[in-house]
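Everything below concerns the one structure shown next.
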Amino acid sequence: MPIGPSVGQTRGRRLATAAMQAKFRRLREDAYEDGLRTFDGLAADPTFRDFVNLYIAEGYKRGRNQVSLCNSDPAVVALADRWIRRLGSRKVAYSLQYHVDQDLIEVTTYWGALLGIPPESIELQRKSNSNRLTGRTWRSPHGVLNVRCCDTLLRARLEGWMDRLKECWLDSAPGA
333 MPIGPSVGQT RGRRLATAAM QAKFRRLRED AYEDGLRTFD GLAADPTFRD
383 FVNLYIAEGY KRGRNQVSLC NSDPAVVALA DRWIRRLGSR KVAYSLQYHV
433 DQDLIEVTTY WGALLGIPPE SIELQRKSNS NRLTGRTWRS PHGVLNVRCC
483 DTLLRARLEG WMDRLKECWL DSAPGA
């Protein structure tokens, strides 16, 4: 009795995988095109352009399935959160990098109040250099908050928005 899939089953699986990959590639390409198309309308709100600028500079760009921005500045985090929630269709998650000597209730309450989320919904992550920074002056008194959404289609649209914004920069360059 043979063990494992037959040749026909293996071929069928390969064909099904290729069809699924093609389907999701088309969805990502369509979302990217939607990003290119919708940029001007969204850019009528100057904070949208600010968000895209911030994402270019600070956002996570290594993966195509996640929109994520991490910062210690409350204004930056609030702006990113506003647009990620507005534009995404998936749940937004929050994680906080903190130092060992920070008051966790205080910092999670701070971010929760700022963003209108339950403080207990913020995942905690201790900074690896926490025990070597005694006597420092705080530059991030509330830690560093990561706002993230696992939304492949939002990430594809964001890629289109980033490309459109960079085109604007190039169009305004001397000699353009």
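The opening residue of the sequence shown carries number 333 in the numbering used here; numbering runs sequentially from there.
Note that beta-carbon positions come from the ideal geometry of N, C-alpha and C, so glycine has one too.
- Tell me whether threonine 342 is buried or exposed, calling it buried when 16 or more other Cβ atoms sit within 10 Å of its Cβ. exposed
- Message: Going by DSSP, what residue range makes up the beta strand (DSSP E) through isoleucine 454?
- Response: Per DSSP, isoleucine 454 is one residue of the beta strand (DSSP E) stretching across 454-458.
- With burial defined as no fewer than 16 other Cβ atoms inside 10 Å of the residue's Cβ, what is the status of valine 439: buried or exposed? buried
- Contacting residues, own chain, Cβ-Cβ under 7 Å from arginine 358 (five flanking each side not counted): Same-chain partners within the cutoff: there are none.
- Message: Spatial neighbours of threonine 484 within its chain, please: C-beta separation below 7 Å, excluding the five flanking residues on both sides.
- Response: Arg360, Arg396, Asn397
- Message: Between the alpha carbons of glutamine 457 and phenylalanine 383, how many angstroms are there, rounded?
- Response: 25 Å
- Nonlocal neighbours in the same chain, by C-beta distance under 6 Å from lysine 423, ignoring five residues either side: none
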